[in-house]
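Asks: The structure follows.
Residue numbers (my numbering): 11 to 334.
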């Protein structure tokens with residue numbers, strides 16, 4: 011939470027939650043599968059010339075492969091891997107495969123290109139109470155990803171107890187996050203499972219990993235009343251304040267819509283959401299929250315409420331604050 015949004019010069023950062031694994035190769039294979047799934051969901055952010063090419067029929071696949079090969083020949087991308095990944099993004103599959111070393115390096119380049127960042131890094135959540143063998147497996151896999159993929163790999167959480175060849179650094183917690191932690195009462199809330207790999211949104215489009223955001227955008231596209239919307243934009247209260255990222259923004263109307271997944275049920279996230287909403291309201295924005303379930307299961311109701319909310323914002327008739 012303290013890492014979003016990232017500073018402009020930070021690497022493209024994804025977060026990985028390790029699964030139990032018997033060997034470093036098993037961990038590497040799992041990370042690469044998750045990274046490939048993220049890259050496919052992000053398409054065409056890492057191949058912007060392919061924007062507008064959809065489906066696998068007609069000339070779509072040859073066209074996207076040609077674009078990828080041309081991009082690869084003019085950049086540091088490995089052109090055959092980039093073309094393979096682009097074809098998979100359209101077809102859902104592609105012939106052949108590549109060795110782990112090529113996939114790791116290629117996916118690091120794709121992340122850098124997709125987020126327009128100079129480097130790519132993986133934040134690995136270190137599980138608690140790992141035994142000597144499991145800890146060695148995880149650390150060895152992280153070393154492999156760093157050496158062969160060119161990733162920065164940061165282990166966060168408890169320091170290793172049995173592996174002593176990696177540097178341990180204490181990272182200060184931002185004051186605003188520390189204040190939230192102090193205000194939360196321990197216990198009483200069931201932990202929500204984290205996804206194996208989490209990656210940040212792309213400015214201007216729904217989050218590729220959010221079915222709710224993508225479904226809502228598809229429903230809003232033909233609606234004349236929904237014009238002017240912007241997905242995943244940054245808002246800063248002033249030049250010295252830390253920016254926050256909002257899910258859906260109508261800038262002229264000063265309306266913010268947040269789409270909350272299950273992670274927003276965590277006590278720390280709930281407290282941060284309340285703080286964000288208060289800050290946005292102080293800056294003159296109206297804030298409305300919907301859950302993933304509301305968007306996916308009661309889309310018609312959400313659209314009607316959203317249209318009414320926007321109408322009230324546009325005509326200055328909004329009274330109080332509205333929350334789903």
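Just so it is clear, CB atoms sit at the ideal spot from N, CA and C, and this is done for glycine as well.
Within 10 angstroms of the Cβ of residue 233, are there 16 or more other Cβ atoms? Answer buried if so, exposed if not.
Replies: That one is exposed.
Asks: At which residue ranges does the region 216-255 contain complete beta strand (DSSP E) runs of 3 or more residues, listed in the order of the chain?
Replies: 239-245, all fully within the region 216-255.
Asks: Could you tell me whether the region 317-330 touches the region 264-277, where touching means 3 or more Cβ pairs closer than 8 Å?
Replies: Touching, yes.
Asks: Leaving out five residues before and five after residue 38 in sequence, what residues of the same chain have Cβ atoms less than 8 Å from its Cβ?
Replies: Closer than 8 Å at the Cβ level, and outside the excluded window around residue 38, lie 110, 114, 151, 154 and 155.
Asks: Mark residue 183 as exposed unless 16 or more other C-beta atoms lie within 10 angstroms of its C-beta, in which case mark it buried.
Replies: Residue 183 should be labelled exposed.
Asks: Compute the distance between the beta-carbons of residue 273 and residue 299, then report whether it is under 8 Å.
Replies: No, the Cβ-Cβ distance between residue 273 and residue 299 is not below 8 Å.
Asks: For residue 316, does the three-state DSSP call read helix, strand or coil?
Replies: Looking at residue 316 - three-state DSSP - the assignment turns out to be helix.
Asks: Could you tell me which residues DSSP puts in a beta bridge with residue 269?
Replies: Answer by DSSP bridge pairing, in chain order: 300.
Asks: Whole angstroms are fine: how far does the CA of residue 129 sit from the CA of residue 147?
Replies: Distance between the alpha carbons of residue 147 and residue 129 is about 25 Å.
Asks: Helix, strand or coil for residue 163, going by three-state DSSP, please let me know.
Replies: Strand, per DSSP.
Asks: Could you work out which residue in 213, 22 and 252 is closest to residue 185 when comparing CA atoms only?
Replies: Residue 185 has its Cα closest to that of 252, out of 213, 22 and 252.
Asks: Reducing DSSP to helix, strand and coil, say where residue 26 ends up.
Replies: The answer is strand: DSSP assigns residue 26 an E or B state.
Asks: Can you tell me where the beta strand (DSSP E) holding residue 132 begins and where it ends?
Replies: From DSSP, the beta strand (DSSP E) with residue 132 extends over 130-135.
Asks: In angstroms, rounded to a whole number, what distance separates the CA positions of residue 181 and residue 120?
Replies: Taking the straight line from one Cα to the other gives about 28 Å.
Asks: If we ignore side chains and look at the alpha-carbon of each, how far apart do residue 235 and residue 207 end up?
Replies: Distance between the alpha carbons of residue 235 and residue 207: 35 Å.
Asks: Which first and last residues belong to the alpha helix (DSSP H) in which residue 94 is found?
Replies: Looking at the DSSP string, the run of the alpha helix (DSSP H) that includes residue 94 is 89-101.
Asks: Just verifying my parser: in three-state terms, what is the DSSP assignment at residue 5?
Replies: Given that the chain is displayed from residue 11 to residue 334, the structure contains no residue 5 and the question cannot be resolved.
Asks: Would you identify the three-state DSSP class for residue 77, choosing helix, strand or coil?
Replies: Residue 77: helix per DSSP, three-state reduction.
Asks: Would you mind stating whether residue 56 and residue 123 have Cβ atoms separated by less than 8 Å?
Replies: In this structure, residue 123 lies closer than 8 Å to residue 56 by Cβ.
Asks: In angstroms with no decimal places, state the Cα-to-Cα distance between residue 312 and residue 50.
Replies: Cα-Cα distance, rounded: 29 Å.
Asks: Do the region 18-34 and the region 129-144 touch if we need at least three Cβ pairs shorter than 8 Å?
Replies: Enough Cβ pairs lie closer than 8 Å, so yes.
Asks: In this structure, does DSSP put residue 208 in helix, strand or coil?
Replies: Note: residue 208 maps to strand in three-state DSSP.
Asks: Cα-Cα, which of 86, 242, 231 and 230 is closest to residue 217?
Replies: Residue 242 is the option with its Cα nearest to residue 217.
Asks: In the DSSP assignment, what are the bridge partners of residue 260?
Replies: Residue 260 pairs with 239 and 265.
Asks: Rounded to the nearest angstrom, how far is the Cβ of residue 172 from that of residue 139, given a contact under 8 Å?
Replies: 11 Å between Cβ atoms; not a contact.
Asks: Going along the chain, which residues of its own chain have a beta-carbon closer than 8 Å to the beta-carbon of residue 205, five neighbours each way excluded?
Replies: Cβ neighbours of residue 205 beyond the five flanking positions: 27 and 219.
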